[in-house]
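**Q** First the structure, then my questions, so here it is.
There are 2 protein chains.
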Amino acid sequence: MPRPSQPILSRDLIFRTALAKLDRTGGFTIPEIAHKLGVSVSPLYHHVKGRADILEGIRGLMADWDATTTDLPWQEAVAAWARNYRDSFAKHPAAIPALVAQTITEQSVLNQYESLAAILSDAGFSSRSVVLSVSMIDALCLGSALDLGAPSTIWQRSDEHRSALQNAVDNATLGDDRAEQAFQLHLSLIIAGLTDLLSSDLESETTVP
Amino acid sequence: MPRPSQPILSRDLIFRTALAKLDRTGGFTIPEIAHKLGVSVSPLYHHVKGRADILEGIRGLMADWDATTTDLPWQEAVAAWARNYRDSFAKHPAAIPALVAQTITEQSVLNQYESLAAILSDAGFSSRSVVLSVSMIDALCLGSALDLGAPSTIWQRSDEHRSALQNAVDNATLGDDRAEQAFQLHLSLIIAGLTDLLSSDLESETTVP
DNA sequence: ACCTGAACACCGTTCAAGT
DNA sequence: ACCTGAACACCGTTCAAGT
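These protein sequence lines map, in sequence, to chains A and B.
Everything in the first sequence is counted per our numbering, starting at 1020 for the first residue and increasing by one.
Everything in the second sequence is counted per our numbering, starting at 1020 for the first residue and increasing by one.
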């Protein structure tokens, strides 16, 4: 059974296979991927540097979003950015813990942060406000992503003993929408905060006539 | 060299040793802990169920906070809760990725969430508002903790090419305080949002006279 | 009860050797 | 260039056997 002369492997194929395994089983292993692709383990290392490289490739797959929807008011642009980032995680919740443990090197993702900073900067935010805003939006998206990827056991009802939290969960009738609605509200609070930041930035600018 | 009849090992000792290694090197291994404690590997399993058990033990050590500072207005109680939770992570940034990947089973931590829900519930928040509020505060603390534990590479200056984000970071003069100040502002925004939630909860209550 | 030493079934990674 | 097969240095976990 000779191998086809067409190359079997590619970085993209390896990344997609790993992401699929991650989605289905919550983890992946180099031997698993090799087996799935019908090759032995070592040729994989001809295409990727190692496990960390594969994880960064997966990050790139997930964050591959459509376009920088420009020409929007900054509030909407920031909201779209955050929603997009969170949704890219939401589609692959099982991948989140693995990604979150690893430093971002994937250029496309770094570019996304850059474009967020540009949106704010162009809107007139001071340097300090840009840094604080990006930090908060980053925490929002990562925190919400974790809530999706490994939701706290606190949200699952245990009939052991009545508690304030359990009662709230039972009565809230939010169901599966809990994480989504919390994200939406959280995002709107941050945008309101950014609006205030911008106002005081513009005020102190006029102080220097 | 006979072993002392005094027991050498204990769950607490194992947890502390593992946390110390985690703090120093960013990871730990069962053989490493055994070696550090001067025993072989297997007796560890006489005290802990396995690696996951050790991680939960570490979570318990970290979250072991002083007291439920009651008798505070709910805004301050919530702020103290969040600060306490975040700070407990901040002291052990290297442990965060490992903890965040694992479901919480440690009872003391679950109790903390419970006490947060009780604060809100007692203050008059509706069930829905309690669930949304706890979700947001959870995301805030976890997101900020990750920012501390594995800060994005975006915050490190690379002289490659000028960018909106790099310029902002260079000019912001926030330095090491970036994560701290972002957390503080973020927290105040959420508390402002909770205040609004409570207002509408109380309004709709009076609608039913 | 608490320990030792050895074993098991895995990892990720590398390397000589084939076509 | 791309693959095979085997090896290496590790893991986490278990178990018979000692005291």
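Glycine included, every Cβ here is placed at the ideal spot set by N, Cα and C.
Computed from a predicted structure; not experimentally measured.
Could you check whether the Cβ of Val1150(B) sits closer than 8 Å to any Cβ belonging to chain A?
**A** Looking up residue 1150(B) in the second sequence gives position 131. So, interface residue.
**Q** Quick check: what's the CA-CA separation for Ala1114(B) versus Leu1041(B)?
**A** Along the second sequence, read from residue 1 onward, the residue named residue 1114(B) stands at position 95. Along the second sequence, read from residue 1 onward, the residue named residue 1041(B) stands at position 22. Near 6 Å, if we compare the C-alpha coordinates of Leu1041(B) and Ala1114(B).
**Q** Between Leu1091(A) and Arg1105(B), what straight-line distance do the alpha-carbon atoms span, to the nearest angstrom?
**A** By 1-based counting over the first sequence, the position of residue 1091(A) is 72. By 1-based counting over the second sequence, the position of residue 1105(B) is 86. Distance between the alpha carbons of Leu1091(A) and Arg1105(B) is about 35 Å.
**Q** Give a yes or no on whether the minimum CB-CB distance between Pro1112(B) and chain A is below 8 Å.
**A** Residue numbering aside, residue 1112(B) sits at position 93 when the second sequence is read from its first letter. Judged by the 8 Å Cβ criterion, Pro1112(B) is not in contact with chain A.
**Q** Please work out which residues of its chain come closer than 8 Å, Cβ to Cβ, to Thr1214(B), disregarding the five sequence neighbours upstream and downstream, and give them in chain order.
**A** If you number the second sequence from 1, residue 1214(B) lands on position 195. Here the set comprises Gln1094.
**Q** Can you grab the Cα-Cα spacing for the pair Pro1023(A) / Thr1122(A), in whole Å?
**A** The count along the first sequence starts at 1 and reaches residue 1023(A) at position 4. The count along the first sequence starts at 1 and reaches residue 1122(A) at position 103. At Pro1023(A), the pLDDT of 46 sits below 50, so the modelled position is not reliable and the matter cannot be decided from this model.
**Q** With a threshold of 8 Å, are at least 3 pairs of Cβ atoms found where one atom belongs to the stretch 1145-1164 of chain B and the other to the stretch 1187-1205 of chain A?
**A** Enough Cβ pairs lie closer than 8 Å, so yes.
**Q** In three-state terms, what does DSSP make of Leu1091(A)?
**A** Translated into positions along the first sequence, residue 1091(A) becomes position 72. The answer is coil: DSSP assigns Leu1091(A) none of H, G, I, E or B.
**Q** Looking at Arg1070(A): is its Cβ nearer than 8 Å to the Cβ of Ile1049(A)?
**A** Here residue 1070(A) corresponds to residue number 51 of the first sequence, with the count starting at 1. Here residue 1049(A) corresponds to residue number 30 of the first sequence, with the count starting at 1. Taking 8 Å as the Cβ cut-off, Arg1070(A) and Ile1049(A) qualify as a contacting pair.
**Q** With a 10 Å radius around its C-beta and 16 neighbouring C-beta atoms as the bar for buried, classify Asp1195(B) as buried or exposed.
**A** Here residue 1195(B) refers to the residue found at position 176 when the second sequence is read from its first residue. Answer is exposed; the Cβ neighbour count stays below 16.
**Q** For a minimum of 4 consecutive residues, which ranges assigned as the alpha helix (DSSP H) are wholly contained in the stretch 1137-1194 of chain A?
**A** The qualifying runs are 1146-1168 and 1183-1191.
**Q** For Thr1094(A), would you say it is in contact with chain B, using Cβ-to-Cβ distances shorter than 8 Å as the test?
**A** Reading the first sequence from its first residue, position 75 is the one you call residue 1094(A). The sequence as given places Gln at residue 1094(A); Thr does not occur at that position. False, the Cβ-Cβ gap to chain B never drops below 8 Å.
**Q** At least one CB of chain B closer than 8 Å to the CB of Glu1222(A): is that the case?
**A** Counting from one through the first sequence, the residue named residue 1222(A) turns up at place 203. No, its Cβ sits nowhere closer than 8 Å to a Cβ of chain B.
**Q** With a threshold of 8 Å between beta-carbons, can Asp1200(B) be considered close to chain A, or not?
**A** For the purposes of this step, residue 1200(B) is taken as the residue at position 181 of the second sequence. Checking the displayed sequence, the identity of residue 1200(B) turns out to be Gln instead of Asp. For Gln1200(B), the answer is yes, since a Cβ of chain A falls inside 8 Å of its Cβ.
**Q** Helix, strand or coil, according to DSSP, for Val1128(A) in the structure here?
**A** Mapped onto the first sequence, residue 1128(A) falls at position 109. DSSP places Val1128(A) in helix when its eight states are reduced to three.
**Q** Going along the chain, which residues of its own chain have a beta-carbon closer than 7 Å to the beta-carbon of Asp1157(B), five neighbours each way excluded?
**A** Taking the first residue of the second sequence as 1, we reach residue 1157(B) at position 138. Cβ within range, chain order: n/a, list empty.
**Q** I want to verify the contact list: residues of chain A whose CB lies under 7 Å from the CB of Asp1166(B), in sequence order.
**A** Here residue 1166(B) is taken as the residue at index 147 of the second sequence, counted from 1. The answer, in chain order, is Ser1154, Asp1157 and Ala1158.
**Q** Does the beta carbon of Ile1138(A) fall short of 7 Å from some heavy atom of the ligand MG?
**A** This structure lacks the ligand MG; in fact it carries no ligand of any kind.
**Q** Can you tell me which of the three DSSP states Lys1068(A) falls into?
**A** Here residue 1068(A) is taken as the residue at index 49 of the first sequence, counted from 1. If DSSP states are grouped into helix, strand and coil, Lys1068(A) belongs with coil.
**Q** Within 10 angstroms of its Cβ, does Glu1224(B) collect 16 or more other Cβ (buried), or is it exposed?
**A** Mapped onto the second sequence, residue 1224(B) falls at position 205. Exposed, since its Cβ has fewer than 16 Cβ neighbours within 10 Å.
**Q** How should Ser1107(A) be labelled, buried or exposed, when 16 other C-beta atoms within 10 angstroms of its C-beta is the threshold for buried?
**A** By 1-based counting over the first sequence, the position of residue 1107(A) is 88. Per the 10 Å Cβ criterion, buried.
**Q** Distance cutoff 8 Å, beta carbons only. Does Glu1133(B) sit that close to anything in chain A?
**A** Along the second sequence, read from residue 1 onward, the residue named residue 1133(B) stands at position 114. By this cut-off, Glu1133(B) is an interface position.
**Q** For chain B, find out if any of its Cβ atoms is closer than 8 Å to the Cβ of Leu1193(A); answer yes or no.
**A** Residue mapping note: residue 1193(A) aligns to position 174 of the first sequence, counting from 1. Answer yes: the Cβ-Cβ gap between Leu1193(A) and chain B drops below 8 Å somewhere.
**Q** Beta-carbon of Arg1147(B) versus every beta-carbon of chain A: anything under 8 Å?
**A** In the second sequence, counting from the first residue as 1, residue 1147(B) sits at position 128. Interface residue, yes.
**Q** Counting only C-beta atoms, is Ile1209(B) closer than 8 Å to chain A at any point?
**A** Here residue 1209(B) refers to the residue found at position 190 when the second sequence is read from its first residue. Closer than 8 Å: yes.
**Q** Do you know whose CA, among Ala1096(B), Ala1082(B) and Glu1133(B), lies nearest Ile1173(A)'s CA?
**A** Start at 1 with the first residue of the first sequence, and residue 1173(A) comes out as number 154. With distances taken between Cα atoms, Ile1173(A) lies closest to Glu1133(B).
**Q** Kindly indicate if chain B contains any beta-carbon less than 8 Å away from that of Asn1103(A).
**A** Counting from one through the first sequence, the residue named residue 1103(A) turns up at place 84. Closer than 8 Å: no.
**Q** Between which two residues does the alpha helix (DSSP H) containing Ala1117(B) stretch?
**A** In the second sequence, residue 1117(B) corresponds to position 98, counting from 1. Unbroken alpha helix (DSSP H) run through Ala1117(B): Ile1115 to Val1119.
**Q** Which two residues bound the contiguous alpha helix (DSSP H) that contains Thr1048(B)?
**A** In the second sequence, counting from the first residue as 1, residue 1048(B) sits at position 29. Thr1048(B) -> no alpha helix (DSSP H), and no H or E assigned at all.
**Q** Determine the closest residue to His1065(A) out of Gly1057(A), Leu1080(A) and Arg1030(A), with distance taken between C-alpha atoms.
**A** Counting from one through the first sequence, the residue named residue 1065(A) turns up at place 46. Closest by alpha carbon: Arg1030(A).
**Q** Cβ closer than 8 Å: which chain B residues qualify as neighbours of Val1188(A)?
**A** Working through the first sequence from its first residue, we reach residue 1188(A) at position 169. The contacting residues are Ser1146 and Val1150.
**Q** Would a check of beta-carbon distances place Pro1026(A) closer than 8 Å to chain B?
**A** Translated into positions along the first sequence, residue 1026(A) becomes position 7. Cβ-Cβ to chain B under 8 Å: no for Pro1026(A).
**Q** If you draw a straight line from the C-alpha of Gln1131(B) to the C-alpha of Pro1062(A), how long is it?
**A** Residue numbering aside, residue 1131(B) sits at position 112 when the second sequence is read from its first letter. Residue numbering aside, residue 1062(A) sits at position 43 when the first sequence is read from its first letter. One C-alpha to the other measures close to 49 Å.
**Q** I'd like to know whether the C-beta of Gly1212(A) is nearer than 8 Å to at least one C-beta of chain B.
**A** Against the first sequence, residue 1212(A) aligns to sequence position 193. Output row for Gly1212(A): interface = yes.
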